[in-house]
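Novice: Counting from 1, one number per residue, gives the positions in the sequence shown under the UniProt record's numbering. A single structure is presented below for examination.
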Amino acid sequence: MSAVWRWFTGLSKTSRLALGGGLIAYGLVGDYLTDTVGDAFGLTPTEQDKQKLKSMIPKISTVDKPGHTPQDKEIEAQLAELKRNRDN
Numbered sequence: 001m002s003a004v005w006r007w008f009t010g011l012s013k014t015s016r017l018a019l020g021g022g023l024i025a026y027g028l029v030g031d032y033l034t035d036t037v038g039d040a041f042g043l044t045p046t047e048q049d050k051q052k053l054k055s056m057i058p059k060i061s062t063v064d065k066p067g068h069t070p071q072d073k074e075i076e077a078q079l080a081e082l083k084r085n086r087d088n
């Protein structure tokens, strides 16, 4: 990778700008043509494909840590209030 980096940094600023702009343009054209070519060849996803994909998405659920239930939070809030009242 260092040889590629040295080659790239050895280019003039104009050449680096042209190379970067060309890569971005190549990516944008490819992104646009991918959808167009996919439609032309009938490679659009069906509803069944979309449902299969949805079923593959992992389900994420939260789990309270022991000692951090809503009741514990309420007790901690009450203790904090008692400490504030005691200090006043």
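Where is the CB? At the ideal position from N, CA and C, for every residue including glycine. All values reported here derive from a predicted model rather than from experimental measurement.
(1) Measuring straight from C-alpha to C-alpha, what distance separates R6 and E47?
(2) With C-beta atoms as the reference, is P45 less than 9 Å away from L53?
(3) Please say whether L19 and L28 have beta carbons closer to each other than 9 Å?
(4) Going by DSSP, what residue range makes up the alpha helix (DSSP H) through T36?
(5) Note the first and the last residue of the continuous alpha helix (DSSP H) segment covering K65.
(6) Give the DSSP-derived three-state secondary structure of L82 in the structure shown.
Specialist: Working from what's here:
(1) Roughly 49 Å separates the two Cα atoms.
(2) One thing to note: P45 has its Cβ within 9 Å of the Cβ of L53.
(3) Contact flag unset, no.
(4) For T36, the enclosing alpha helix (DSSP H) begins and ends at K13 to A40.
(5) Counting along the chain, K65 falls outside any alpha helix (DSSP H), and DSSP gives it neither H nor E.
(6) The DSSP-derived three-state label of L82 is helix.
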